[in-house]
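K.L.:
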């Protein structure tokens with residue numbers, strides 16, 4: 002199945018020597034080194050050329066940078082660069098990565114003992130709401146992408162976001178098929194479209210993409226009326242315009258008819274017939290629950306034939322959705338769980354036979370413990386599986402803790418504590434790989450997810466020894482710890498003193514159409 006780590010990272014760039022006063026001894030990790038890494042690892046010394054987009058050269062010696070990050074473990078997952086170095090920033094760009102001292106016109110950010118990485122990209126988030134994105138920042142996120150659907154037509158989505166006030170993160174998203182089929186096709190979740198309705202849906206989706214959205218999202222489990230013909234029509238449009246088709250797969254259980262195996266087969270068939278880049282959302286909860294190796298094997302077989310298929314997970318063993326949704330139909334039989342495996346979000350209440358009915362009639366957001374640690378780690382070890390939260394915190398705090406702790410949990414629990422993957426591989430899953438998924442549609446993403454000269458200065462600085470998620474089902478509003486600095490377009494939004502809610506450096510991520 003190709004579950005090794007080597008394919009996740011590019012080859013290390015060529016070596017050179019280090020000399021000069023004030024030079025920093027450099028170390029470079031290899032892709033097979035696991036999470037025994039610390040922020041300043043003891044490794045055989047080796048040095049590489051600092052990476053550069055479009056072969057951008059650093060400023061001449063003596064240049065005074067706007068900002069300097071000094072002495073951190075600088076990691077660029079795309080090139081494999083991993084060294085103790087200094088980073089120079091001018092305006093919104095990274096202009097130097099150097100083993101020599103750099104001078105700054107502002108106070109230097111001291112990063113000794115810390116990891117300096119590209120800002121995290123949440124590939125599977127929801128609409129910024131003026132609140133939840135600040136928790137994303139504390140979780141290391143600099144780009145919030147709604148590939149689970151923008152819940153609005155393209156022009157409406159971008160028109161409404163600036164009205165929220167400060168926007169600390171970059172933002173963009175996918176056209177939401179559920180919204181389009183309801184508002185344009187006038188279809189309920191279980192209603193199947195005829196050919197004319199499909200044409201209307203595709204025409205409106207095209208307009209969404211032309212208005213700036215950067216992908217198409219479909220969720221046939223929640224809209225069972227979305228036929229294979231409707232899925233294929235959207236996939237052909239996505240392939241034509243060079244955007245990914247992101248799918249919440251059709252089935253999340255293993256009871257026929259309608260199994261997770263059939264859902265993964267549909268994903269492969271669509272990729273084969275259209276050439277679209279298929280991205281399977283949260284495969285740990287839909288498609289791979291209880292059968293992760295088999296699900297990934299199906300997709301890997303298709304990838305080996307040249308088809309573009311990726312997936313993402315969130316690093317938790319429970320999902321959450323509203324009790325009245327189709328996902329909870331026949332839930333005991335489908336998932337092999339009992340009432341005690343259901344917990345009401347925002348509380349410590351586990352349901353029982355007498356409390357389940359009232360909770361479902363109130364359509365309460367409920368977590369279901371259905372996933373295994375083993376399956377999750379199989380997914381995390383797969384090079385082409387990314388990490389995405391599938392949530393953003395709302396003011397009512399009626400959320401899954403993945404809304405606030407997804408990325409710190411990935412680094413803390415699964416890199417540092419459980420050695421499920423090495424740090425460079427983990428960072429690739431939350432930086433360059435999400436950028437690559439959408440950059441054909443969104444040119445701005447070609448300079449994000451990288452820590453290279455010429456890249457946007459979206460940077461997350463964290464302590465690998467202390468980074469940790471703090472949120473829970475009961476208290477999803479507790480921010481992550483261990484992230485020291487977050488810079489968005491070169492502007493510090495999080496510092497060791499806390500959030501700076503007076504700045505709004507985030508920008509819209511739009512399509513090139």
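In the numbering used here, the protein residues as written are 2 to 514. Glycine included, every Cβ here is placed at the ideal spot set by N, Cα and C.
#1: Less than 6 Å between C-beta atoms, sequence neighbours within five positions excluded: which residues of the same chain meet that for residue 278?
#2: Determine the direct distance from the alpha carbon of residue 355 to that of residue 172, and round the result to whole angstroms.
#3: Check whether the Cβ of residue 137 lies closer than 8 Å to any Cβ atom in chain C.
#4: Using only the alpha-carbon positions, how far apart do residue 369 and residue 323 sit?
#5: Helix, strand or coil for residue 97 per DSSP?
#6: Using 10 angstroms around the beta-carbon of residue 6, count the other beta-carbons present and answer buried if the total reaches 16, otherwise exposed.
#7: Classify residue 120 as buried or exposed, calling it buried when 16 or more other Cβ atoms lie within 10 Å of its own Cβ.
#8: Going by C-alpha distance, which of 222, 117, 185 and 463 is nearest residue 409?
#9: Taking the alpha carbon of residue 200 as the reference point, which residue from 85, 234 and 486 has its own alpha carbon closest?
#10: From residue 62 to residue 56, what distance separates their C-alpha atoms?
#11: Specify, as a first and last residue, the run of the beta strand (DSSP E) that residue 463 falls within.
#12: Grouping DSSP H, G and I as helix and E and B as strand, with all else coil, what is residue 74?
#13: Just the Cα atoms here: how many angstroms apart are residue 311 and residue 167?
#14: Are the region 392 to 412 and the region 324 to 335 touching, with three or more C-beta to C-beta distances below 8 Å?
#15: On the DSSP bridge list, what partners appear for residue 53?
#16: Take the Cβ of residue 485 as the centre, count every other Cβ of all protein chains shown within 10 Å, and call the residue buried at 16 or more, exposed below.
#17: Spell out a yes or no on whether the region 123 to 136 and the region 178 to 193 are touching, meaning 3 or more CB-CB pairs, one atom from each, closer than 8 Å.
#18: Three-state secondary structure (DSSP) at residue 444?
#19: Leaving out five residues on either side along the sequence, give the residues of the same chain with a beta carbon under 7 Å from the beta carbon of residue 156.
#20: With distances taken between CB atoms, is the gap from residue 151 to residue 175 smaller than 8 Å?
#21: Which of the three DSSP states, helix, strand or coil, is assigned to residue 174?
#22: Taking residue 493 as the reference, which of 348, 507 and 294 has the closest Cα?
#23: With 16 other CB atoms within 10 Å as the buried threshold, where does residue 38 fall?
P.N.:
On the basis of the data shown:
#1: Answer for residue 278: 245 and 309, listed in chain order.
#2: The alpha-carbon atoms of residue 172 and residue 355 are separated by roughly 43 Å.
#3: Reference to chain C is not applicable here, since this structure consists of a single protein chain.
#4: So the two alpha carbons sit approximately 10 Å from each other.
#5: In this structure, residue 97 counts as strand in the three-state DSSP scheme.
#6: The predicted position of residue 6 is uncertain, since its pLDDT is 26 and thus under 50; no value can be drawn from it.
#7: Counting every other CB atom within 10 Å of its CB across the protein chains shown gives residue 120 a total of 16 or more, marking it as buried.
#8: Measuring from the Cα of residue 409, the nearest candidate turns out to be 463.
#9: Considering only alpha carbons, the answer is 234.
#10: Their backbone Cα atoms lie some 18 Å apart in a straight line.
#11: For residue 463, the enclosing beta strand (DSSP E) covers residues 460 to 463.
#12: Strand.
#13: For residue 311 and residue 167, the distance between alpha carbons rounds to 33 Å.
#14: Short answer: they don't touch.
#15: Partner(s): 454.
#16: Residue 485 is buried by the Cβ-count criterion.
#17: Between the region 123 to 136 and the region 178 to 193 there are fewer than three C-beta pairs closer than 8 Å, too few to call the two in contact.
#18: In the three-state scheme derived from DSSP, where H, G and I count as helix and E and B as strand, residue 444 is classed as helix.
#19: Residues of the same chain with a CB within less than 7 Å of the CB of residue 156, apart from the 5 flanking positions on each side, are 212 in chain order.
#20: Going by C-beta atoms, residue 151 is nearer than 8 Å to residue 175.
#21: Three-state DSSP puts residue 174 in a strand.
#22: Closest by alpha carbon: 507.
#23: Model confidence at residue 38 stands at a pLDDT of 48, short of 50, so the residue's coordinates are unreliable; what they give is reported in the following sentence. Burial check for residue 38: the Cβ neighbour count within 10 Å reaches 16 or more, so the residue is buried.
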